[in-house]
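Chains as they are written, first to last, in our numbering: chain A, -2 to 148; chain B, 8 to 119.
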Amino acid sequence: MADKIDMTRKWNWPIWAGFLVAVGGLVSYEFFAQFPITRDFPWANLLLFGIGIALLLLGLFRAFGRPQLYRGKIFGSILAAIALFLFSFFSYEIFYVLRQVPASTGAPRVGQLAPDFFLLDQNGKPVGLGDLLSGPSGPKALVVIFYRGFW
Amino acid sequence: MRSFQERLSDFDARGIRVVGISVDPPDINRRQSQKLGYTFPLLSDPQAKIIRRYDVLHPGAGPKGGDIARPAEFLIYSSRLVRWVNLTSNIAVRARPEQVLSAFDELQRTGQ
């Protein structure tokens, strides 16, 4: 009899869809980080997490509210817990780890002379600050971008 | 960096050069330049000497706990004076080319 009841229970799709969308919220970070508009604030990833968690909640309400009709009390709870863990990890990285930047209080300020440098370019040719600020094109200014690197 | 390459003609038109500095060695910089189509130079500071001199070191933030540069942007005039600085408090938020261009235009407008 119990088997028969199980057979008639419906597949609780919002649980699976919600879980997949929540995982997508995490793994799509690298893609969205390419564009400043989705990198400066990761709203696209947060939106995916939000949709995923809402679907999971809907699935859980169905599983616990009408267990004779829908599956998913156990696996729905497990998937929801995993999704919440992924969301916590993402939030920790975005709102804490990425903001641990040194204060750089000794960095050159507006009105100060820029410290000189002499470094190798991508072709192994030495290039100095003086070279970059002079030349046939008579440059007016230089933007120096310090970046973390690709390693 | 990609966005700066995309707006490079706007920098050229104003007589502004663009240069990147990181701890990456020249061969990695050459590969990256070719791959991403960068036409501005990428300079290599493997010992982080210049990165330290500009106080933009992020100790232990690299792979295997190596020292790397934190993101930072400086606009330097041909007089060598620093005219604009951006020191982000979030690694993911870097200066956009439009910010640097408008800062430069504003400085030009006010005759600085």
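Heads up, the beta-carbon is just placed ideally off N, CA and C, and yes, glycines get one too. As the structure is a prediction and not an experimental result, all values here were calculated from the model.
Neighbours of B/Ala76 in chain A, taken as residues whose beta carbon is under 8 Å from its own, are Phe143, Tyr144, Arg145 and Gly146 in chain order. Counting only residues of its own chain and dropping the five nearest sequence neighbours on each side, B/Ser40 has a CB closer than 7 Å to the CB of Leu49.
Between A/Gly69 and A/Asn9 the beta-carbon gap is near 4 Å, inside 8 Å, which marks them as a contact.
Counting along the chain, the unbroken alpha helix (DSSP H) around B/Pro33 starts and ends at Pro33 to Leu43. Measuring C-alpha to C-alpha distances from A/Arg106 to each of B/Glu113, B/Glu80, B/Ile98 and B/Phe47 identifies B/Glu80 as the nearest. Taking the C-beta atoms as reference points, A/Asp37 is found no nearer than 8 Å to B/Ala68. A straight-line Cα-Cα distance of about 29 Å links A/Ile71 and A/Glu90. In this structure, A/Phe92 lies away from A/Ala19, with their beta-carbon atoms at least 8 Å apart.
A/Pro123 has A/Leu117 as its beta-bridge partners, per DSSP. For B/Pro104, the closest alpha carbon among the candidates A/Gln65, A/Val141, A/Gly108 and A/Gly22 is that of A/Val141. Within the same chain, Cβ atoms closer than 6 Å to the Cβ of A/Phe114 are found at Leu126, the five residues on either side in sequence being excluded.
Within chain A, the C-beta atoms nearer than 8 Å to that of B/Glu80 come from Val140, Val141, Ile142 and Phe143, in chain order. Residues of chain B whose Cβ lies closer than 8 Å to the Cβ of A/Asn120 are, in chain order, Pro33 and Arg37.
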